[in-house]
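Residues in the sequence shown are numbered from 1 upward in steps of one, following full-length UniProt numbering.
Even for Gly, the Cβ is constructed at its ideal location relative to N, Cα and C.
Below is one structure, written out as structure tokens; the observations come after it.
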Amino acid sequence: MAKSRLTETPPPQKVVQRATKKKRSPETATNSAKAEKSVTKITKGSSTSEPETALSEQVEPSEKSTEYTPVSATDASDLGAKSNDETLPEPSPSPSIVEFACDARELNDYIQTLKSSIYSNNNHVILSNILIEADAATRQLHLTAYNLEFGIQASFEANVNQSGKLTLPATILADILGKFPKSRVTLKSSWEIIKGSDVPSVSATLTASRSKHVIRGLTADEFPAIKSLEQKLVTIPASVLIAVLKASLFAVSSEETKRILTGANFQLSHDAERGLSQLRVWTTDGHRIAMVVGFSESSDSDILNTRNVQFTVPTKVLRVLERTLNPTDRVAIYYETEPDNSNNFVAFEWNNWRLTAQLLEGKYPNCDQIIAPYRHELSHQIVVEKLSFLKALERLASHSDKSHVTAIFEFDLDSQQVRISLNNTLSSGTEIVDAKLFGCDFRIKCDIRYLIDTVKAVSSSDLRMLMATPTAPILIAPFGIPASGTEAKECEYIIAPQE
1 MAKSRLTETP PPQKVVQRAT KKKRSPETAT NSAKAEKSVT KITKGSSTSE PETALSEQVE
61 PSEKSTEYTP VSATDASDLG AKSNDETLPE PSPSPSIVEF ACDARELNDY IQTLKSSIYS
121 NNNHVILSNI LIEADAATRQ LHLTAYNLEF GIQASFEANV NQSGKLTLPA TILADILGKF
181 PKSRVTLKSS WEIIKGSDVP SVSATLTASR SKHVIRGLTA DEFPAIKSLE QKLVTIPASV
241 LIAVLKASLF AVSSEETKRI LTGANFQLSH DAERGLSQLR VWTTDGHRIA MVVGFSESSD
301 SDILNTRNVQ FTVPTKVLRV LERTLNPTDR VAIYYETEPD NSNNFVAFEW NNWRLTAQLL
361 EGKYPNCDQI IAPYRHELSH QIVVEKLSFL KALERLASHS DKSHVTAIFE FDLDSQQVRI
421 SLNNTLSSGT EIVDAKLFGC DFRIKCDIRY LIDTVKAVSS SDLRMLMATP TAPILIAPFG
481 IPASGTEAKE CEYIIAPQE
């Protein structure tokens, strides 16, 4: 059978008649003959210079098309079967039955963490659910939450009686488990076909002690798959990653119009001389910049040994990571990029957890060029105790409002003091802080809110402020003894001055 030139599907040139042939009436035969002659006349009268089209091939009758070929009963039944297969939708596969038992508190801890990554305003019902997969062969329970931007997966041991999977609403499941007593909980699923629907209805029965609760869910087939990443970049202590995130995420922008600035820019490299892997994180909102470097032991990754890798991770992903990590853990970072640099992904894996996220697209600004031209001109410096400086700033912030946030700093070299003042229409305040000053008397203005956030991020006992001119960016760096329990790291913060 010839194929159509446009759609590459068989054209309806031949008509297969029914198995039972009906006798045509004289009137029907006459009309049919007239139609054939008319079509033949039109076809012969058409211009021969015009190219033949697929449509003319379909309209032009053949001599065989007027004959009636009987179809055997066997062929008719085969055609009927094919027709039914093409027109009727395939029935939905039966959901698997899940049955397992585990510690109620342990299950609750995992569910509560997964719930934190689920958005409350999901447009898809399935994304409000947690995927539960039970594996009897490995005696493992796998839990997954996914919001299409990032997903969290967790696995732990359980007594699995029957392998299978289903999804249950995270909010209801977390609420019930959070109120269960300290005991073992049993989950067994079931399904049924509701009248008027061909889609299976799934439910799960939770039993613990004298409690029994039934939750209606959805089949696991509807749950979207999370991208699997296999290319490992580096493994670093969780304490290093936590310290880097705490020292930098405060400077991230919250404006969605600057989407690339709503994430933290990761720059991974290998220091061959010191035999260390280096994680450098940049964050900025356009008014302030944070740059924090964390170090780890040498990487066994061939990628970092040959080139540097950088990508921008959404802040909401890093906040979840920061809350979930234990400082004693070790975190493996996986990274994969598409050939056209679109839909890039990163994954963080530790213990029995894995967090996979889609990266932000776009080129992150080169933040170092903001301060680079002034590095050799930073002749004005002060060293001040962090705690006393922070308390003075917080007291002055009581006088600030939306229109009055500018604090004036006056550095007195003779008295080795810093005088800070802030005024508004209703109140004003002045604070004097002892400090070590280098250079000459100096005066500068800056937003007190940005300065407070930056001072809080510094983990050392003292801090150092370096300035070139009253209109040049202010560089702030830790100085003195690092706070107890913090990882050694390199930090620099930049604040734009007020004119």
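Proximity below 7 Å, CB of residue i to CB of residue j
| i | j | result |
| --- | --- | --- |
| LEU229 | TYR334 | yes |
| VAL331 | ILE236 | yes |
| LEU187 | PHE100 | yes |
| LEU168 | ILE111 | no |
| ARG216 | TYR450 | no |
| VAL240 | GLY294 | yes |
| VAL252 | THR315 | yes |
| LEU475 | ILE370 | no |
| PHE472 | TYR374 | Per the sequence shown, residue 472 should be read as Ala rather than Phe. Contact flag set, yes. |
| VAL317 | PHE442 | no |
| PHE311 | LEU359 | yes |
| residue 512 | GLN278 | With the chain covering only 1 through 499, there is no way to say anything about residue 512. |
| VAL199 | TRP191 | no |
| TRP353 | ALA154 | yes |
Selection from the options that minimises the alpha carbon distance to residue i
| i | options | result |
| --- | --- | --- |
| PHE438 | MET467, GLN267 and ASP447 | MET467 |
| LEU206 | CYS102, ILE194 and LEU245 | CYS102 |
| residue 503 | PHE411, PHE250, LEU245 and ARG307 | The chain is shown only over 1 to 499; residue 503 falls outside these bounds and no answer can be derived. |
| GLU256 | SER459, PHE266, ALA238 and ASP285 | ASP285 |
| CYS440 | ASP198, SER415 and PRO497 | SER415 |
| PHE156 | ASP434, ALA243, ALA104 and VAL244 | ALA104 |
| PHE479 | LYS445, ASN366, VAL455 and ARG274 | VAL455 |
| PHE409 | GLU490, ILE382, PHE180 and GLU492 | ILE382 |
| GLU222 | SER117, HIS124 and TRP353 | HIS124 |
Counted within 10 angstroms of its Cβ, other Cβ atoms place residue i as buried (16 or more) or exposed
| i | result |
| --- | --- |
| ALA225 | exposed |
| LEU131 | buried |
| THR328 | exposed |
| SER65 | Since pLDDT at SER65 reaches only 39, below the 50 mark, its modelled position is unreliable, and no value is offered. |
| GLN231 | exposed |
| LYS363 | exposed |
| ILE495 | buried |
| VAL15 | Because VAL15 sits at a pLDDT of 41, beneath the cut-off of 50, its placement in the model cannot be relied upon, and the point is left open. |
| ASN326 | exposed |
| TYR493 | buried |
| ALA170 | buried |
| LEU148 | exposed |
| ILE118 | buried |
One or two residues paired with residue i in a DSSP bridge
| i | result |
| --- | --- |
| GLY164 | ALA134 |
| GLN498 | Answer is none; GLN498 lacks a bridge partner. |
| PHE250 | BP columns for PHE250 are empty, so no partner. |
| ILE476 | MET465 and TYR493 |
| GLY294 | LEU279 |
| GLU256 | Partner(s): none; GLU256 has no beta bridge. |
| SER155 | HIS142 |
| residue 569 | For the chain, the structure presents residues 1 to 499; residue 569 sits outside this window and is missing. |
| PHE150 | ALA357 |
| THR186 | ALA101 and THR207 |
is_contact[residue i, chain C] using C-beta, thresh 7 Å
| i | result |
| --- | --- |
| LEU249 | In the structure shown, chain C does not exist; there is a single protein chain. |
Could you name each continuous beta strand (DSSP E) segment of 3 residues or more that falls completely within the segment 90-138, going from the start of the chain to the end? Within the segment 90-138, the complete beta strand (DSSP E) runs of at least 3 residues are 99-103 and 129-135.
I'd like the ranges of any alpha helix (DSSP H) spanning at least 4 consecutive residues and lying wholly in the segment 381-456. DSSP runs (the alpha helix (DSSP H)) wholly in the segment 381-456: 386-396.
Any alpha helix (DSSP H) of 4 or more consecutive residues that is wholly inside the segment 308-388: Counting whole runs of 4 or more residues, the segment 308-388 contains the alpha helix (DSSP H) stretches 315-324 and 368-371.
Length at least 3, wholly inside the segment 201-240: the beta strand (DSSP E) runs in chain order: Taking only runs of at least 3 residues, the beta strand (DSSP E) segments lying wholly in the segment 201-240 are 211-217 and 232-237.
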